[in-house]
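Encoded as structure tokens, the structure appears first; notes follow it.
There are 2 protein chains.
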Amino acid sequence: MIVEDEESICNELSKLLENNNYEPIVLKDFSNALNEILKVSPDLILLDINIPFINGKVLLQSLRKNSNIPVIMVTSINSETSEALSISYGADDYITKPYNPTILLLRIGAVLKRTMTNYDTKNVLTYKNLKFDITKGTIKKDNIEITLTKNEIIIFAYLLNHQNKIVTRDELMTAIWDTADYINDNALTVNINRLRNKLKAIGFEKAIDTRKKMGYILL
Amino acid sequence: MIVEDEESICNELSKLLENNNYEPIVLKDFSNALNEILKVSPDLILLDINIPFINGKVLLQSLRKNSNIPVIMVTSINSETSEALSISYGADDYITKPYNPTILLLRIGAVLKRTMTNYDTKNVLTYKNLKFDITKGTIKKDNIEITLTKNEIIIFAYLLNHQNKIVTRDELMTAIWDTADYINDNALTVNINRLRNKLKAIGFEKAIDTRKKMGYILL
DNA sequence: TTTAATTATTACAAATTTGTAAGATTAGAT
DNA sequence: ATCTAATCTTACAAATTTGTAATAATTAAA
Chain A
316 MIVEDEESIC NELSKLLENN NYEPIVLKDF SNALNEILKV SPDLILLDIN
366 IPFINGKVLL QSLRKNSNIP VIMVTSINSE TSEALSISYG ADDYITKPYN
416 PTILLLRIGA VLKRTMTNYD TKNVLTYKNL KFDITKGTIK KDNIEITLTK
466 NEIIIFAYLL NHQNKIVTRD ELMTAIWDTA DYINDNALTV NINRLRNKLK
516 AIGFEKAIDT RKKMGYILL
Chain B
316 MIVEDEESIC NELSKLLENN NYEPIVLKDF SNALNEILKV SPDLILLDIN
366 IPFINGKVLL QSLRKNSNIP VIMVTSINSE TSEALSISYG ADDYITKPYN
416 PTILLLRIGA VLKRTMTNYD TKNVLTYKNL KFDITKGTIK KDNIEITLTK
466 NEIIIFAYLL NHQNKIVTRD ELMTAIWDTA DYINDNALTV NINRLRNKLK
516 AIGFEKAIDT RKKMGYILL
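Sequence lines, in order, name chains A and B. Residues 316 to 534 (the working numbering) are what the first sequence spells out, left to right. Residues 316 to 534 (the working numbering) are what the second sequence spells out, left to right.
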């Protein structure tokens, strides 16, 4: 995700990233940046320190209260103080404008490599403003924590790994029982129902949407 | 992991990778390559197509029967046929010698980026010649599959994420119950015991080693 | 070699999870 | 607007998982 107000730079960056098999998203509404970031949940953020409405460092600080999404700070001034400050606010790396495309790509690769292997990115999936510990089967939102059972974990993980795509009932049944022609096809419905009730308890009433005759989708 | 017989190239590559925060391991014994690879379970393999004892392509083919570890093929001949063949044998990318260091780093970054985000790398951990589906809590070895319970999943995942390091009983208790001063400290011992029995059933009798007064270690 | 602390094993009861059945609701086709 | 197939809800019994306690085995220190 590119968080940057100069449109020419946004376009340049988008093209560069697309050509290297990334899927750049440009953040436009800075007034609601934090929510937007949490909603999209990008793999990495290129964050310009000088954006309108909100200071980049302040945004980073609030983001860090909810998320470990890797952030590379982008700034026009090359000062050691700036760099040190960015890192202390929770940035993963720091780069100055004008950037060298190759160097930028290498830094992105390095940050992703570093962050993709730690516990949190391997075992904790993020969905909006909640964190799903896939191993423990716990979902944390603010200070509330709920616990999922084995089948609920499988369903939620599957939906999360296919977010914004319709997932068929057969797919889910195969994920749980390794076969879709389960004796009682209602068993899935019941398990979905149980998961939904737990999600409702933490304020996600309409997270799992039914697409009749097609399947389910995690919004 | 570097699979290459020319020592000068090995040294060069190792230095390059170390300088970029990777942890290169050079494979020396080609006669037992497959087992060695599965034992080490590296994040990525640079595989020279012309190594002694075993043909690189054959090695890749046997590897793919057990593992999805990303592989970049290295060859001295630049032919489209070679490239197509490597990919068809299951390589993730292809590069020719002599390589440009920057390009190599970019390709490594690109391959890791691609592979780190798919289901198998996010939800399936590899341990020796078995695969642990962290979401379903199943361990597969050859054609045998065992199922772990919630606590066993937490313990095994924790040990796996701290492989070859001693893990204290307190750490494990905190991982399971969020607090180490659990009412009955024997509960952990019992759960370790249950996990060990299941691992024994698939031929991993001595995987979890006790380090008395210190904790446990996954070998 | 003996001793004491640490870790392992086993069986059991309580708690949780799961599938099932039976009935209620919903949405889309006619 | 009606009907029907698809999905949902609820309660219950069976199966699984879990912690506990009592006892056994092991290891490191004295």
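Virtual Cβ for every residue (Gly too), placed ideally from N, Cα, C.
Chain B contact residues for residue i, given Cβ-Cβ distances below 8 Å
| i | result |
| --- | --- |
| residue 429/A | 336 |
| residue 420/A | 421 and 424 |
Alpha-carbon to alpha-carbon, residue j and residue i
| i | j | result |
| --- | --- | --- |
| residue 522/B | residue 515/A | 41 Å |
| residue 526/A | residue 519/B | 45 Å |
| residue 376/B | residue 352/B | 13 Å |
| residue 438/A | residue 384/B | 19 Å |
| residue 469/B | residue 524/B | 17 Å |
| residue 369/A | residue 454/A | 30 Å |
| residue 476/B | residue 440/A | 16 Å |
| residue 406/A | residue 388/A | 6 Å |
| residue 417/B | residue 427/A | 17 Å |
| residue 327/B | residue 344/B | 19 Å |
| residue 489/A | residue 466/B | 24 Å |
| residue 446/A | residue 506/A | 21 Å |
| residue 316/A | residue 430/A | 16 Å |
| residue 420/B | residue 342/A | 29 Å |
| residue 528/B | residue 334/B | 38 Å |
| residue 484/B | residue 530/B | 5 Å |
| residue 451/B | residue 357/A | 25 Å |
| residue 411/B | residue 391/B | 5 Å |
| residue 286/A | residue 444/A | Nothing about residue 286/A can be read from this structure; chain A reaches only from 316 to 534. |
| residue 458/A | residue 503/B | 26 Å |
| residue 448/B | residue 486/A | 17 Å |
| residue 319/B | residue 321/A | 47 Å |
| residue 461/B | residue 473/A | 20 Å |
| residue 348/A | residue 374/A | 8 Å |
| residue 456/A | residue 340/A | 25 Å |
| residue 464/A | residue 362/A | 38 Å |
| residue 423/A | residue 408/A | 9 Å |
| residue 324/A | residue 365/A | 13 Å |
| residue 513/A | residue 442/A | 15 Å |
| residue 511/A | residue 413/A | 48 Å |
| residue 532/A | residue 501/A | 18 Å |
| residue 534/B | residue 336/B | 25 Å |
C-beta neighbour in chain A for residue i, strict 8 Å
| i | result |
| --- | --- |
| residue 494/B | no |
| residue 459/B | no |
| residue 507/B | no |
Interface flag, residue i vs chain B, CB-CB below 8 Å
| i | result |
| --- | --- |
| residue 441/A | no |
| residue 546/A | With chain A covering 316 to 534 only, the question about residue 546/A has no answer from this structure. |
| residue 472/A | yes |
| residue 465/A | yes |
First and last residue of the uninterrupted beta strand (DSSP E) at residue i
| i | result |
| --- | --- |
| residue 388/A | 386 to 390 |
| residue 411/B | 408 to 411 |
| residue 449/A | First-last for residue 449/A: undefined, no H or E at that position. |
| residue 460/B | 459 to 462 |
| residue 524/A | 523 to 526 |
| residue 441/B | 439 to 442 |
| residue 533/B | 530 to 533 |
The alpha helix (DSSP H) enclosing residue i, as first and last residue numbers
| i | result |
| --- | --- |
| residue 355/B | 348 to 355 |
| residue 322/A | 322 to 334 |
| residue 507/A | 501 to 516 |
| residue 363/A | No alpha helix (DSSP H) holds residue 363/A; the beta strand (DSSP E) holding it covers 360 to 363. |
| residue 337/A | No alpha helix (DSSP H) holds residue 337/A; DSSP gives it neither H nor E. |
| residue 480/B | Where residue 480/B is concerned, there is no enclosing alpha helix (DSSP H), given that its DSSP letter is neither H nor E. |
Proximal residues of chain B, C-beta to C-beta of residue i below 9 Å
| i | result |
| --- | --- |
| residue 449/A | 437, 438, 449, 450 and 472 |
| residue 417/A | 417 and 421 |
Chain-ordered neighbours of residue i on chain A, where CB pairs are closer than 8 Å
| i | result |
| --- | --- |
| residue 469/B | 450 and 451 |
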